[in-house]
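From first to last, the protein sequence lines stand for chains A and B.
According to the working numbering, the first sequence is numbered sequentially starting from 1.
According to the working numbering, the second sequence is numbered sequentially starting from 1.
2 protein chains.
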Amino acid sequence: MTEKNEFLYPQKWLSKASTGDRVASELRMQIIAGLIESDAILSENKLAAEFNVSRSPIREALKILAAENLIRLERMGAVVIGLTEKDIEEIYDVRLLIESFVFERLIKIDTSNLVTELSKILEMMKIAIKYKDADEFSLQDVLFHETIIRAINHSYIRMIWDNTKPVMEAFILLSMRSRIEEKYDDFNRILENHELYIEAIKTKKRELMIKSLHQNFDDVQGKVDDLWISQQTLSKGVEKSD
Amino acid sequence: MTEKNEFLYPQKWLSKASTGDRVASELRMQIIAGLIESDAILSENKLAAEFNVSRSPIREALKILAAENLIRLERMGAVVIGLTEKDIEEIYDVRLLIESFVFERLIKIDTSNLVTELSKILEMMKIAIKYKDADEFSLQDVLFHETIIRAINHSYIRMIWDNTKPVMEAFILLSMRSRIEEKYDDFNRILENHELYIEAIKTKKRELMIKSLHQNFDDVQGKVDDLWISQQTLSKGVEKSD
DNA sequence: TCAAGTATACTTGTATACAAGTATTATAAA
DNA sequence: TTTATAATACTTGTATACAAGTATACTTGA
Numbered sequence: 001m002t003e004k005n006e007f008l009y010p011q012k013w014l015s016k017a018s019t020g021d022r023v024a025s026e027l028r029m030q031i032i033a034g035l036i037e038s039d040a041i042l043s044e045n046k047l048a049a050e051f052n053v054s055r056s057p058i059r060e061a062l063k064i065l066a067a068e069n070l071i072r073l074e075r076m077g078a079v080v081i082g083l084t085e086k087d088i089e090e091i092y093d094v095r096l097l098i099e100s101f102v103f104e105r106l107i108k109i110d111t112s113n114l115v116t117e118l119s120k121i122l123e124m125m126k127i128a129i130k131y132k133d134a135d136e137f138s139l140q141d142v143l144f145h146e147t148i149i150r151a152i153n154h155s156y157i158r159m160i161w162d163n164t165k166p167v168m169e170a171f172i173l174l175s176m177r178s179r180i181e182e183k184y185d186d187f188n189r190i191l192e193n194h195e196l197y198i199e200a201i202k203t204k205k206r207e208l209m210i211k212s213l214h215q216n217f218d219d220v221q222g223k224v225d226d227l228w229i230s231q232q233t234l235s236k237g238v239e240k241s242d
Numbered sequence: 001m002t003e004k005n006e007f008l009y010p011q012k013w014l015s016k017a018s019t020g021d022r023v024a025s026e027l028r029m030q031i032i033a034g035l036i037e038s039d040a041i042l043s044e045n046k047l048a049a050e051f052n053v054s055r056s057p058i059r060e061a062l063k064i065l066a067a068e069n070l071i072r073l074e075r076m077g078a079v080v081i082g083l084t085e086k087d088i089e090e091i092y093d094v095r096l097l098i099e100s101f102v103f104e105r106l107i108k109i110d111t112s113n114l115v116t117e118l119s120k121i122l123e124m125m126k127i128a129i130k131y132k133d134a135d136e137f138s139l140q141d142v143l144f145h146e147t148i149i150r151a152i153n154h155s156y157i158r159m160i161w162d163n164t165k166p167v168m169e170a171f172i173l174l175s176m177r178s179r180i181e182e183k184y185d186d187f188n189r190i191l192e193n194h195e196l197y198i199e200a201i202k203t204k205k206r207e208l209m210i211k212s213l214h215q216n217f218d219d220v221q222g223k224v225d226d227l228w229i230s231q232q233t234l235s236k237g238v239e240k241s242d
């Protein structure tokens, strides 16, 4: 048995989370990072032993991951589905879909407070880059989009966001970590893109928003390659758990 | 304590469901039907006693309902949010959104099998009406849309469906039950509308689909009024659980 | 009557126990 | 060697036990 003292998921983001949430966050990262391979079978008992907790929070975690389509709950054990390139594309389909919807609503309301809020987040992102803090950058990046989505006060759009957020966050986190050192310039492009997004919301120009969203997506396409590479790196020297 | 021998949710739909799923289904119906009022506080222990099960499946059920935004999990007790008219509108926003997306994908693929499948479901719906079986009709109605959505094989669109389906199913169920007796003619309109939808998929004509979707939504607007009326009827003579 | 403080009866989160069912493995027979 | 059967070691689902924390209500003092 291997004692794990290091976590992929930033523990400080889990200040008041339950054990189940913590386990879910960590397993999610391990699955998306490829440390736990697809088709692997997870047993509640083994996981409980591994994380040094009881089966209750493990069950909770598995339910969460199943809802996120990262695993499949079967009779005997939970089968890891993992995150394919197709999944990433699909997540961005959904983001494109809901953010477009949100934008149409934003056009009809006063967005000055939102723009202020977004500007603040953007500045935080700049600081994060300055100090090469990939985690903080990812946090703010996700928060940026969450802030936009929450602005229209739509329970079910927010529900969709809540369901896709964890996977997206984990994915962005891994992607940014692998890029912060080598591909430093990428981040300026991301910043510019977010500035464009704010501008679109401020001026309520649909074309700008579409442009920004698509650029963001194109940017992600690159992230995918990077992540797959980083997965291989991460997987090296890690014993298989079968 | 009141012993409940009758359930709002059709038990035969839960053939291989866990106790937690059963409890969730029943609580969902009671909340949407208004038997459990908004702002009511649900305690795990009380629910466990009421349903004659342990806290484990109750916890599972509450997690499910929280994900559906029907309740809010707080420190002390789960607070019932309930389903407002705004929620119904929002659910249909989402349906409009994802079914439009799905249609764009359907245009690009061979839909002959899908059309056959949908025709079969439509015939089932007709039989259900013939025998005034509101439950069966609702089941097929929901299945109709689920079949369309599943046809494009998109994990994350399906995820959105999975998350909104239970609430929508419960809502449609209650609505149809209240209408099957008095507003019999409504059902023919619904059938025609579904025929239009099939035609849209067959001919891949966008306008037809939009028309059908909007008619469906207008139809739902009427459902809302009916449901609120049926809620008051249902609520009569039911003691409050505070 | 009112205020403060303490005791009590709740709440959830986690751990453990038990039961029912399934896959695997070993054993025995042909 | 192969097949059938039985035993065993797993699996999850549910029930129960325990611990930590919170709100409420009561008691005690003025």
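Just so it is clear, CB atoms sit at the ideal spot from N, CA and C, and this is done for glycine as well.
Which residues DSSP lists as bridging residue 189 of chain B, in chain order: None; residue 189 of chain B has no bridge partner.
Please list the partners that residue 154 of chain B has in chain A, where partner means a Cβ-to-Cβ separation under 8 Å. 90 and 93
Rounding to the nearest angstrom, what Cα-Cα distance links residue 231 of chain A and residue 50 of chain A in this structure? Residue placement at residue 231 of chain A is flagged as unreliable, the pLDDT there being 48, under the threshold of 50; the coordinate-derived value follows with that caveat. Rounded to the nearest angstrom, the two C-alpha atoms are 22 Å apart.
If I measure Cβ to Cβ from residue 58 of chain B and keep anything under 8 Å in the same chain, skipping five residues before and after, which residues do I get? 20, 23, 44, 47, 48 and 51
Residue 80 of chain A - DSSP class collapsed to helix/strand/coil: strand
Identify the contact partners of residue 159 of chain A in chain B, using a Cβ-Cβ distance below 7 Å as the criterion. What residue 159 of chain A touches in chain B: 69 and 163.
Looking at chain B, is there any beta carbon in it that lies within less than 8 Å of the beta carbon of residue 63 of chain A? It does: the Cβ of residue 63 of chain A has a partner Cβ on chain B nearer than 8 Å.
Using a Cβ-Cβ distance under 8 Å, would residue 83 of chain B count as near chain A? Chain A contact via Cβ: absent.
Between B:157, B:195 and B:103, which lies nearest to residue 98 of chain A when the distance is taken from Cα to Cα? B:157
Proximal chain A residues relative to residue 97 of chain B, where beta-carbon distance stays under 8 Å: 97, 98 and 101
Might you give, ordered along the chain, the residues of its own chain that have their beta carbon closer than 6 Å to the beta carbon of residue 204 of chain B, omitting 5 neighbours on each side? 107
Hey, is residue 39 of chain A's beta-carbon within less than 8 Å of any beta-carbon in chain B? Not an interface residue.
Have a look at residue 134 of chain A and residue 190 of chain A and give me their C-alpha separation to the nearest angstrom. Rounded to whole angstroms, residue 134 of chain A to residue 190 of chain A spans 13 Å at the Cα level.
In the DSSP assignment, the alpha helix (DSSP H) including residue 257 of chain A goes from what residue to what residue? Residue 257 of chain A lies beyond the stretch modelled for chain A, which goes from 1 to 242, so this question has no answer here.
Quick one: what's residue 42 of chain A bridged to in DSSP? A:78
Are the C-beta of residue 87 of chain A and some C-beta of chain B separated by less than 8 Å? Contacts with chain B at 8 Å (Cβ-Cβ) include residue 87 of chain A.
How about the segment 117-137 of chain B and the segment 179-193 of chain B: do they share at least three Cβ pairs that are nearer than 8 Å? yes
By the three-class DSSP mapping on this structure, what secondary structure does residue 181 of chain A have? coil
In three-state DSSP terms, what is residue 90 of chain A? Three-state result, residue 90 of chain A: helix.
CB contact flag (residue 164 of chain B, residue 94 of chain B, <8 Å): With contacts defined as CB atoms closer than 8 Å, residue 164 of chain B and residue 94 of chain B qualify as a contacting pair.
Would residue 7 of chain A pass as an interface residue toward chain B - the criterion being a Cβ-Cβ separation below 8 Å? no
Cutoff 6 Å; reference residue 173 of chain A; Cβ partners in own chain excluding five residues on either side: 138
For residue 12 of chain A, three-class secondary structure by DSSP: If DSSP states are grouped into helix, strand and coil, residue 12 of chain A belongs with the helices.
Comparing alpha-carbon positions, which option in B:92, B:90, B:151 and B:188 lies nearest residue 118 of chain B? Relative to residue 118 of chain B, the option among B:92, B:90, B:151 and B:188 whose CA is nearest is B:151.
Check each candidate in A:68, A:184 and A:120 and name the one with the smallest Cα separation from residue 161 of chain A. A:68
Starting from the C-beta of residue 103 of chain A, find all residues in its chain whose C-beta is less than 6 Å away, skip the five residues before and the five after it, and write them out in chain order. Result list for residue 103 of chain A: 209, in chain order.
Can you grab the Cα-Cα spacing for the pair residue 73 of chain B / residue 29 of chain A, in whole Å? 25 Å
Pull up the distance between the alpha-carbon of residue 61 of chain A and that of residue 153 of chain A, whole angstroms please. So the alpha carbons of these two residues sit roughly 28 Å apart.
Consult DSSP for residue 205 of chain B and reduce its assignment to one of helix, strand or coil. coil
DSSP three-state label for residue 54 of chain A, please. coil
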